[in-house]
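Novice: Residue numbering for the sequence shown follows our numbering, beginning at 260 and increasing consecutively. Got a structure for you, questions after.
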Amino acid sequence: MKISIIIPVFNKAVFLESCLQSVICQIAAQEDAFEIVLVDDGSTDESEDIIQRYASQFRYIVTLSQPNSGVSVARNNAIRAATGDYVLFLDSDDELLPGSLHQVYGFLMEHSEVDMLVTRQLRCIGDQERLVSAPNLEVGKSYSGVEAYHHKYVRTNAGGGICSTAFLRKNQLQFPVGIRNAEDTIFFGLVQALAGSVVYLDILLYKINMLEDSASRTDETKLAHRHAETVNAMAEIRNRISCTEEQKGILEYILYQLLSNTIGHFVRSKELRYRNFCKEVHLGQIFPIVTQHMCKMRKKAKMMNFSVRLFYILSWLKR
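Have a look at this one:
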């Protein structure tokens, strides 16, 4: 059994060595059980030099290079190249916490039927650390993706996500290309919708490193345009995918959530208005949002179905 740790890299030289060391220090004694797949997404800083230096030292590091094409393309290329039975997604500015990787490996050695493994995360902003809330799932119990959703669990970020490689390939699951925000939310929504076995382990695996001043530099207009792309992509996927109505309930919830977030960015932008929202967001492809199998935000989604304009106005009043 082998785990492939997938790390897309774009201009992250300042963080990359810490990221790599957090993995290497855990697998040095069991090299055949792991591989690191590093994808240089056209970096223009020293990232490529760091990648090549580490690759020359450690035989279990696989390197890929591509013109700058975005994180989705990088992750998709890494999934295709991975030789592990499982893939673990790690962002190049984050880290794996000490001792966690072997706990994950030991569990998967004995439970190879798992499609998606869920662990704990630590979020760090400067010197402040906060443990991300544990999901409402029983430790070690196998749930279908739909059952996990009905326990109020929905995965929305790639960092620390662990999936069966065979499961991803069988279902032809890839990160959506051509969008610049929340591509991991869409990907893991699809993973969970189709997963036959989702298991939660109470292991602190993943450290998210966040910049202290990142929020102050948020450009709401730029985010509004990007989230419009994302919600349009999600609607297109929801409309064409073949799955049960219960599985689609997860996708309907994610579609609602993405649209709600998009509206939030539009109302907070000083440059954009409702007419801009209607021009950029393909409302005809989105509505109705089917709420029958939604177990989260059902009432708000019904309000949005009744009048997206009213929902927009209420969001504007609450801003």
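Note that CB positions come from ideal geometry on N, CA and C, so glycine has one too.
On the DSSP bridge assignment, give the partners of residue 480 in chain order.
Specialist: DSSP, once it has assigned bridges, lists no residue as partnering residue 480.
Novice: Contact between the region 492-509 and the region 430-446 is defined here as three or more beta-carbon pairs at a separation below 8 Å; is this criterion met?
Specialist: yes
Novice: Give me the Cα-Cα distance between residue 263 and residue 271, rounded to the nearest whole angstrom.
Specialist: 20 Å
Novice: Residue 467 and residue 374: beta carbons closer than 9 Å?
Specialist: no
Novice: For the region 281-296 and the region 346-362, state whether three or more C-beta atom pairs, one from each stretch, are separated by less than 8 Å.
Specialist: yes
Novice: Taking residue 380 as part of the beta strand (DSSP E), name the residues at either end of that continuous run.
Specialist: 375-384
Novice: Give the straight-line distance between the Cα atoms of residue 348 and residue 418, rounded to the nearest whole angstrom.
Specialist: 5 Å
Novice: Should residue 273 be listed as close to the ligand HEM, given that the test is whether its C-beta is under 8 Å from any heavy atom?
Specialist: Questions concerning the ligand HEM fall outside what the structure shown contains, since it holds no ligand whatsoever.
Novice: According to DSSP, residue 466 sits in a beta bridge with which residue or residues?
Specialist: 354 and 381
Novice: Would you kindly report the start and end of the unbroken alpha helix (DSSP H) that includes residue 422?
Specialist: From DSSP, residue 422 is part of no alpha helix (DSSP H) but of the beta strand (DSSP E) over 421-423.
Novice: Extract the residue ranges of the beta strand (DSSP E) inside the region 403-463, only unbroken runs of 3 or more that lie entirely within it.
Specialist: 421-423
Novice: What are the residues that DSSP puts in a beta bridge with residue 387?
Specialist: 384
Novice: Compute the Euclidean distance between the alpha carbons of residue 574 and residue 526, then round it to the nearest angstrom.
Specialist: 7 Å
Novice: By a C-beta neighbour count over all protein chains shown, 10 Å radius and 16 as the cutoff for buried, is residue 273 buried or exposed?
Specialist: exposed
Novice: Excluding sequence positions up to five away, which residues of its chain have a Cβ less than 7 Å from the Cβ of residue 487?
Specialist: 521, 539 and 540
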